[in-house]
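S.K.:
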Amino acid sequence: QSALTQPASVSGSPGQSITIACTGTSSDVGSYNLVSWYQQHPGKAPQLMIYDVSKRPSGVSDRFSGSKSGNTASLTISGLQAEDEADYYCCSYAGSRNSVFGTGTKVTVL
Amino acid sequence: EVQVVESGGGLVQPGGSLRLSCAASEFIFSSHWMHWVRQAPGKGLVWVSRINSDGSSTMYADSVKGRFTISRDNAKNTLFLQMNSLRAEDTAVYYCVRGMYSSSPGGFDYWGQGTLVTVSS
Numbered sequence: 006q007s008a009l010t011q012p013a014s015v016s017g018s019p020g021q022s023i024t025i026a027c028t029g030t031s032s033d034v035g036s037y038n039l040v041s042w043y044q045q046h047p048g049k050a051p052q053l054m055i056y057d058v059s060k061r062p063s064g065v066s067d068r069f070s071g072s073k074s075g076n077t078a079s080l081t082i083s084g085l086q087a088e089d090e091a092d093y094y095c096c097s098y099a100g101s102r103n104s105v106f107g108t109g110t111k112v113t114v115l
Numbered sequence: 021e022v023q024v025v026e027s028g029g030g031l032v033q034p035g036g037s038l039r040l041s042c043a044a045s046e047f048i049f050s051s052h053w054m055h056w057v058r059q060a061p062g063k064g065l066v067w068v069s070r071i072n073s074d075g076s077s078t079m080y081a082d083s084v085k086g087r088f089t090i091s092r093d094n095a096k097n098t099l100f101l102q103m104n105s106l107r108a109e110d111t112a113v114y115y116c117v118r119g120m121y122s123s124s125p126g127g128f129d130y131w132g133q134g135t136l137v138t139v140s141s
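So the sequence lines, in the order shown, correspond to chains A and B.
With the first letter of the first sequence counted as 1, position 77 gets the number 82 in the working numbering; the numbers rise by one all the way through.
With the first letter of the second sequence counted as 1, position 63 gets the number 83 in the working numbering; the numbers rise by one all the way through.
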């Protein structure tokens, strides 16, 4: 069960926008609008940031947005803030494999 | 406030067994799919297993199929993961996770704090 592919790291200055790509296949990302994104600070449990490709749970800042094109989903963080520094994981429903996570991206705020 | 709290982790020898529990509160437990997700030290998240709302359907990652069994007791609002034939590569923090929807797949909206399982001699 191969993981979805994410860049190992992405960085940006405060106030800038960054985008994290999540590349899967036609069996997961490309087939279902069930991509979610999670933020994880060191030593903490992951937190849901985006679900169903582009929906935000209550309480999540509107600086976070999601989209999808073909087999690739993306998470954009606009107006980057110091508190956004964390690891980010995408996840897609994958039918018979149920769910598959991405490899994870470390976001650094310069 | 919705809570899921794991317990049962610890040190176990290769080939041994361990049973994880997850106590759920402040939501209708019997209405949600539940999952286990693990994270090896310094590594990424890996989905392990899921069970549907009434316990009639389960799924497993290939890496644990035939060794792990997920179950639930809706009367006691508790999720379980029975882990047998444990290997060193099963060493990880195991998270109990609530599925967003009651009858279909989707994101994971509530996570426990995790319980550490260490497989070592």
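Glycine is no exception: its CB is placed at the ideal position from the N, C-alpha and C atoms.
1. Pick out the complete beta strand (DSSP E) segments inside the segment 48 to 114 of chain A, 3 residues or longer, and give them in chain order.
2. Please report the distance separating the alpha-carbon of residue 86 of chain A from that of residue 67 of chain A.
3. Keeping to the same chain, check which residues put their C-beta closer than 7 angstroms to that of residue 29 of chain B; ignore five residues upstream and five downstream.
4. Considering only the beta carbon of each residue, do residue 31 of chain A and residue 96 of chain A sit closer than 9 angstroms?
5. Contact check, residue 131 of chain B vs residue 105 of chain A under 8 angstroms by CB: the rounded distance?
6. Where does residue 51 of chain A land, buried or exposed, given buried means 16+ other C-beta within 10 angstroms?
7. Which of the three DSSP states, helix, strand or coil, is assigned to residue 26 of chain B?
8. For residue 126 of chain B and residue 18 of chain A, I'd like the C-alpha separation in whole angstroms.
9. If you reduce the DSSP assignment to three classes, tell me which class residue 129 of chain B lands in.
10. Could you give the DSSP three-state label for residue 88 of chain B: helix, strand or coil?
11. Among A:15, A:39 and A:13, whose alpha-carbon lies nearest the alpha-carbon of residue 76 of chain A?
M.R.: Based on what the coordinates show:
1. For the beta strand (DSSP E) assignment, the uninterrupted runs of no fewer than 3 residues enclosed by the segment 48 to 114 of chain A are, from N- to C-terminal side, 52 to 55, 69 to 74, 77 to 82, 91 to 98, 104 to 106 and 110 to 114.
2. A straight-line Cα-Cα distance of about 13 angstroms links residue 86 of chain A and residue 67 of chain A.
3. 40, 114, 135, 136 and 137.
4. A distance of 9 angstroms or more separates the beta carbons of residue 31 of chain A and residue 96 of chain A.
5. Their Cβ separation, rounded to whole angstroms, is 17 angstroms, which puts residue 131 of chain B and residue 105 of chain A out of contact at 8 angstroms.
6. By the 10 Å Cβ count, residue 51 of chain A comes out buried.
7. Residue 26 of chain B sits in a strand when the DSSP states are folded into three classes.
8. Rounded to whole angstroms, residue 126 of chain B to residue 18 of chain A spans 33 angstroms at the Cα level.
9. Of the three classes helix, strand and coil, the one that applies to residue 129 of chain B here is strand, per DSSP.
10. Looking at residue 88 of chain B - three-state DSSP - the assignment turns out to be strand.
11. Here the closest residue by C-alpha is A:39.
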